[in-house]
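See structure below.
Structure (structure tokens):
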């Protein structure tokens, strides 16, 4: 039958260039999608394309931020994190022990210069002790500054201290998957330090707080404040 037969609702398609059924002239017809003009990229169907993730197949989680399952990095276990702290603690303990040994040796050396039979022996020992304590204080102050710069800058620029790198974990920005940056790394470092002012109990609670995280990321209070998380390093 020909197009336009009133007894045939399923008639042939109208000739090319003519409007379809119920279609105003100049409007695109229904059915298959219209081809985009030459030189204009054609959009695909479905959901809009997402930008490439820094970890490849790294699924987005509800509420924003990168996930930690599937193709993304694996959340670091508390055992690895504890191992990293032990390694860093041993390294700093060795340095602290060396400084302490130097101070004791200096005190012994200064005391040997004092004559026990002299009337000035007591004042000589006091002066020697004061000199050694001043030297020790300066050394420990420098040691504390080095410790600050070590953990702060290593985390900011490399993603972790030598202890973390040794056990195969690193700190990342929880939203981007990149290194935390100087500001976030400082926040992450300073919160346990402030907690240690309460007889060390605050710092201990901060380091244990990942056990109470219900998100599955094992973020401690210092991680949440800095918007960071600790993951296993990629082999790539």
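In full-length UniProt numbering, the protein residues as written are 1 to 236. Beta carbons: idealized from backbone N, C-alpha and C, even for Gly.
{"Check": "Own chain partners of residue 2 with C-beta closer than 6 Å, once the 5 adjacent residues on each side are dropped", "Outcome": "Here the model assigns residue 2 a pLDDT of 49, short of 50, so the residue's position is not dependable, and the following value carries that caveat. Within the same chain, residue 2 has no close Cβ partners at all."}
{"Check": "Beta-carbon contacts of residue 228 that lie in its chain and below 7 Å, excluding the five residues immediately before and after", "Outcome": "171, 172, 173, 174, 180, 184, 188"}
{"Check": "Among 75, 147, 88, nearest to residue 162 - alpha-carbon criterion", "Outcome": "88"}
{"Check": "Environment of residue 156 [buried if 16+ CB atoms lie within 10 Å]", "Outcome": "buried"}
{"Check": "Bounding residues of the alpha helix (DSSP H) (the contiguous stretch that carries residue 126)", "Outcome": "121–157"}
{"Check": "Through-space distance from residue 104 to residue 223, alpha-carbon basis", "Outcome": "39 Å"}
{"Check": "Alpha-carbon to alpha-carbon, residue 83 and residue 209", "Outcome": "17 Å"}
{"Check": "Residue environment, residue 128, which counts as buried when at least 16 other CB atoms sit within 10 Å", "Outcome": "buried"}
{"Check": "Endpoints, the beta strand (DSSP E) within which residue 171 is located", "Outcome": "169–173"}
{"Check": "Which residues DSSP lists as bridging residue 229, in chain order", "Outcome": "172"}
{"Check": "7 Å Cβ cutoff met for residue 216 and residue 203", "Outcome": "no"}
{"Check": "Top-ranked residue by Cα proximity to residue 233, from 151, 164, 220", "Outcome": "164"}
{"Check": "Span separating the alpha-carbon of residue 120 from that of residue 106", "Outcome": "20 Å"}
{"Check": "Same chain, Cβ closer than 6 Å to residue 159, neighbours up to 5 away in sequence not counted", "Outcome": "170, 171, 179"}
{"Check": "Extent of the continuous alpha helix (DSSP H) run through residue 187", "Outcome": "182–196"}
{"Check": "Residue nearest to residue 95 in terms of C-alpha spacing, selected from 139, 108, 226, 218", "Outcome": "139"}
{"Check": "Residue range of the unbroken alpha helix (DSSP H) whose run includes residue 109", "Outcome": "78–112"}
{"Check": "Whole-angstrom distance between residue 125 and residue 154, CA atom to CA atom", "Outcome": "42 Å"}
{"Check": "Whether residue 230 touches residue 76 by CB criterion (7 Å)", "Outcome": "yes"}
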